[in-house]
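The next block holds one structure in the form of structure tokens; read it before the comments.
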């Protein structure tokens, strides 16, 4: 009977890992496809100068794609989880900054039809919790 909860946890951790990987690959691909639109989304946050914004728009999507792909391979999983968790933390900080300054902008995470700041912040916090869960299960050796 004790193996049953472990199997559920294993399945949940694996499912969450695949969901995180898919979301980051999907989000990164959309941004990589149109870096100019992504740069415009980043500029709406009014955090970085244009040259930094342009650099972020060019490189961040590829980091998201690689980190998402890394979640699928055991050898790269720990590093990918660290990158994804760090990105989600930075994204939450940017969203909080925009929210506290009263900016009425779209998140820019997935492109067209994006949600506002509050739903995006909640989504990122849930994804960060999923990262923590996957990390805890992978450190205990229960996720292959």
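Numbering (our numbering), first residue to last: 6 to 149. Just so it is clear, CB atoms sit at the ideal spot from N, CA and C, and this is done for glycine as well.
Would a C-beta distance cut-off of 8 angstroms place residue i and residue j closer than the cut-off?
i, j, result
"residue 18", "residue 138", "yes"
"residue 126", "residue 97", "yes"
"residue 82", "residue 143", "yes"
"residue 130", "residue 76", "no"
"residue 85", "residue 66", "no"
What does the alpha-carbon distance come out to for the pair residue i and residue j?
i, j, result
"residue 123", "residue 79", "33 angstroms"
"residue 74", "residue 106", "34 angstroms"
"residue 104", "residue 110", "9 angstroms"
"residue 29", "residue 102", "22 angstroms"
"residue 120", "residue 16", "30 angstroms"
"residue 56", "residue 48", "10 angstroms"
"residue 64", "residue 34", "12 angstroms"
"residue 46", "residue 60", "13 angstroms"
"residue 39", "residue 51", "20 angstroms"
"residue 43", "residue 113", "7 angstroms"
"residue 27", "residue 99", "22 angstroms"
So, is residue i buried or exposed, given that buried needs 16 or more other C-beta atoms within 10 angstroms?
i, result
"residue 58", "buried"
"residue 108", "exposed"
"residue 54", "exposed"
"residue 20", "exposed"
"residue 23", "exposed"
"residue 90", "buried"
"residue 41", "exposed"
In its own chain, which residues sit with a C-beta less than 8 angstroms from the C-beta of residue i, not counting the 5 before and 5 after it?
i, result
"residue 94", "133"
"residue 70", "29, 30, 33, 34, 37"
"residue 115", "31, 32, 35"
Who are the near neighbours of residue i in its chain, counting only those whose CB is closer than 6 angstroms to its CB and skipping five residues on each side?
i, result
"residue 88", "72"
Please work out which residues of its chain come closer than 7 angstroms, Cβ to Cβ, to residue i, disregarding the five sequence neighbours upstream and downstream, and give them in chain order.
i, result
"residue 136", "25, 86, 89, 90, 93"
Pick out the complete alpha helix (DSSP H) segments inside the stretch 93-137, 4 residues or longer, and give them in chain order.
none
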